[in-house]
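Asks: Before we start, here is the structure in question, set down as structure tokens.
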């Protein structure tokens, strides 16, 4: 049973016979007759009471009429929903944790207000893992550290970040890796793009590469900055993140050379997969941040 069979069946019911149904459907009579017979064979029942050229639905045919109408209506709704460019349905967005904390809150609130039909799911993680999840379809799109050079992905630049070495508040200025007092790195997992930049800085900023004494992997910037403030080690973070977190006032920020200290955050998605909600998210991220909403005064 397919939708075309059901449409032919309903047309025969409405027109009372094959001849008029064939005219309405722009088919030859033999084709309509064959399709009705095949439908009856597949269901194992007679769908019509045949009186000469006149055909009336049998009791089984009357039951099928209701189901056929509902199925064809649902199919029509599905076509309209799929072809409609209005953002709706589930949007699985991935983001680096620093971006989620410093950049996304006002934009996600604005997006939620503009697109109530979208069910937004946000998942944070390091760049490498987020790229893999967009490629395997676990995420619809993700905000990661660029550049991303994979022909399967489309990448749109959305934010520019200044990356800084973060140390304890009392730490003296850091010109290169030799100035770091505590050579413990406080980082995320190895697939984190910012961790890779920090390791690169240690390797190239001084005449002789500086080897970390220890690497401590943490799962949040709150924990990381707390450990930095206590003098446990150093970290790498966007300056925008320090400005957005209360703990950012308890650490010191030290600039990096421009080739390491500038980072572009890009929105990635699979090429060739239309998704109106992803289009709407890209538009929201590229727009100026919305002004804060003032609470109403009673």
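Residue numbers (full-length UniProt numbering): 1 to 298. Quick reminder that beta carbons are idealized off the backbone N, C-alpha and C, glycines included.
Residue 270 to residue 195, Cα distance in whole Å?
Replies: Numbered from its first residue, the chain shown carries residue 270 at position 270. Numbered from its first residue, the chain shown carries residue 195 at position 195. Distance between the alpha carbons of residue 270 and residue 195: 25 Å.
Asks: Within the chosen definition, does the region 54-72 reach the region 252-267 through at least 3 CB pairs nearer than 8 Å?
Replies: With a cut-off of 8 Å, the region 252-267 and the region 54-72 do not count as touching, because too few Cβ pairs lie within range.
Asks: How is residue 166 classed by DSSP in three states: helix, strand or coil?
Replies: Looking up residue 166 in the chain shown gives position 166. Three-state result, residue 166: strand.
Asks: Is it right to say residue 53 is buried, meaning 16 or more other beta carbons lie within 10 angstroms of its own, or is it exposed?
Replies: Start at 1 with the first residue of the chain shown, and residue 53 comes out as number 53. So residue 53 counts as exposed.
Asks: Work out the CA separation of residue 172 and residue 109 for me, nearest whole Å.
Replies: Here the question's residue 109 lines up with position 109 in the chain shown. Here the question's residue 172 lines up with position 172 in the chain shown. Roughly 40 Å separates the two Cα atoms.
Asks: Once DSSP output is grouped into helix, strand and coil, what is the label at residue 9?
Replies: Working through the chain shown from its first residue, we reach residue 9 at position 9. Three-state DSSP puts residue 9 in a helix.
Asks: With C-beta atoms as the reference, is residue 329 less than 8 Å away from residue 228?
Replies: In the structure as shown, the chain begins at 1 and stops at 298. Residue 329 is therefore absent and cannot be evaluated.
Asks: So which of 33, 34, 1, 21 has the shortest CA-CA distance to residue 43?
Replies: Along the chain shown, read from residue 1 onward, the residue named residue 43 stands at position 43. Among 33, 34, 1, 21, the Cα nearest to that of residue 43 belongs to 1.
Asks: So residue 267 packs on residue 141, CB below 8 Å; how close in whole Å?
Replies: For the purposes of this step, residue 267 is taken as the residue at position 267 of the chain shown. For the purposes of this step, residue 141 is taken as the residue at position 141 of the chain shown. Their Cβ separation, rounded to whole angstroms, is 6 Å, which keeps residue 267 and residue 141 in contact under 8 Å.
Asks: Just tell me which of 28, 78, 17, 118 has its CA closest to the CA of residue 48.
Replies: As a working note, residue 48 is residue 48 in the chain shown. Of the candidates 28, 78, 17, 118, the one whose C-alpha sits nearest the C-alpha of residue 48 is 17.
Asks: Considering residue 239, what are the terminal residues of the alpha helix (DSSP H) in which it resides?
Replies: As a first step, residue 239 is located in the chain shown; it is residue number 239 there, counting from the start. Element bounds for residue 239: 239-244.
Asks: Taking only three categories from DSSP, how would you classify residue 114?
Replies: Mapped onto the chain shown, residue 114 falls at position 114. Residue state, collapsed to three classes: helix.
Asks: Note down, in chain order, each residue of its chain lying with its Cβ closer than 8 Å to the Cβ of residue 218, except the 5 sequence neighbours on either side.
Replies: Mapped onto the chain shown, residue 218 falls at position 218. These residues qualify, in order along the chain: 186, 187, 188, 224, 227.
Asks: Just to confirm, are residue 264 and residue 157 a CB contact at a threshold of 8 Å?
Replies: Residue mapping note: residue 264 aligns to position 264 of the chain shown, counting from 1. Residue mapping note: residue 157 aligns to position 157 of the chain shown, counting from 1. Cβ distance < 8 Å, so residue 264 and residue 157 count as in contact.
Asks: Let me make sure I understand the geometry here. Which of 5, 120, 104, 6 has the alpha-carbon closest to that of residue 88?
Replies: Your numbering for residue 88 matches position 88 in the chain shown. Among 5, 120, 104, 6, the Cα nearest to that of residue 88 belongs to 120.
Asks: Taking only runs that begin and end inside the region 161-211, name each unbroken beta strand (DSSP E) of 3 or more residues, in chain order.
Replies: The qualifying runs are 184-187.
Asks: Would you call residue 272 buried or exposed, if buried means 16 or more other Cβ atoms sit within 10 Å of its Cβ?
Replies: For the purposes of this step, residue 272 is identified with residue 272 of the chain shown, where counting begins at 1. Exposed is the call here.
Asks: Can you check which of these residues, 50, 233, 198, is closest to residue 262 by C-alpha distance?
Replies: The sequence position of residue 262 within the chain shown is 262, counting from 1. Comparing Cα positions, the closest option is 198.
Asks: Could you tell me the boundaries of the alpha helix (DSSP H) in which residue 51 lies?
Replies: In the chain shown, the residue the question calls residue 51 occupies position 51. Run containing residue 51: none in the alpha helix (DSSP H); it sits in the beta strand (DSSP E), 48-51.
Asks: When the Cα atoms are used, what is the spatial distance from residue 167 to residue 179?
Replies: For this step, residue 167 is matched to residue 167 along the chain shown. For this step, residue 179 is matched to residue 179 along the chain shown. Using only the alpha carbons, I get a separation of about 11 Å.
Asks: Have a look at residue 204 and residue 137 and give me their C-alpha separation to the nearest angstrom.
Replies: Working through the chain shown from its first residue, we reach residue 204 at position 204. Working through the chain shown from its first residue, we reach residue 137 at position 137. Cα to Cα, the separation comes out at about 37 Å.
Asks: Excluding the 5 residues flanking residue 21 on each side, which residues of the same chain have their C-beta closer than 6 Å to its C-beta?
Replies: In the chain shown, residue 21 corresponds to position 21, counting from 1. The residues are 11, 12, 15, 32.
Asks: Just to confirm, are residue 164 and residue 256 a CB contact at a threshold of 8 Å?
Replies: In the chain shown, the residue the question calls residue 164 occupies position 164. In the chain shown, the residue the question calls residue 256 occupies position 256. It is a contact, given that the beta carbons lie within the stated cut-off.
Asks: For residue 55, which beta-bridge partners are listed by DSSP?
Replies: Sequence index remark: in the chain shown, residue 55 carries index 55 (1-based). Answer is 50.
Asks: Where do the ends of the beta strand (DSSP E) carrying residue 142 lie?
Replies: Mapped onto the chain shown, residue 142 falls at position 142. Per DSSP, residue 142 belongs to the beta strand (DSSP E) from 141-145.
Asks: Can you tell me which of 286, 288, 280 puts its alpha carbon nearest to the alpha carbon of residue 114?
Replies: Here residue 114 is taken as the residue at index 114 of the chain shown, counted from 1. Closest by alpha carbon: 280.
Asks: Going by Cα to Cα distance, which pick from 101, 55, 45, 144 is closest to residue 246?
Replies: For the purposes of this step, residue 246 is identified with residue 246 of the chain shown, where counting begins at 1. Here the closest residue by C-alpha is 101.
Asks: Given a cut-off of 8 Å, decide if residue 191 and residue 127 are closer than it, judged by their beta-carbon atoms.
Replies: The sequence position of residue 127 within the chain shown is 127, counting from 1. The sequence position of residue 191 within the chain shown is 191, counting from 1. For residue 127 and residue 191, yes; Cβs fall inside 8 Å.
Asks: Between residue 276 and the rest of its own chain, which residues show a CB-CB distance below 7 Å, the 5 nearest in sequence each way excluded?
Replies: As a position in the chain shown, residue 276 is number 276, starting the count at 1. 85, 86, 87.
Asks: Go ahead and pull the three-state DSSP assignment for residue 126.
Replies: Position 126 of the chain shown, counting from 1, holds the residue named residue 126. In the structure shown, residue 126 sits in coil (DSSP, three-state: anything other than H, G, I, E or B).
Asks: Which whole-angstrom value is the C-beta distance of residue 71 and residue 3, which I expect to be below 8 Å?
Replies: Counting from one through the chain shown, the residue named residue 71 turns up at place 71. Counting from one through the chain shown, the residue named residue 3 turns up at place 3. That pair is a contact at about 7 Å.
Asks: Please tell me whether residue 239 and residue 160 are closer than 8 Å, where the distance is taken between their beta carbons.
Replies: In the chain shown, the residue the question calls residue 239 occupies position 239. In the chain shown, the residue the question calls residue 160 occupies position 160. Cβ distance not < 8 Å, so residue 239 and residue 160 don't count as in contact.
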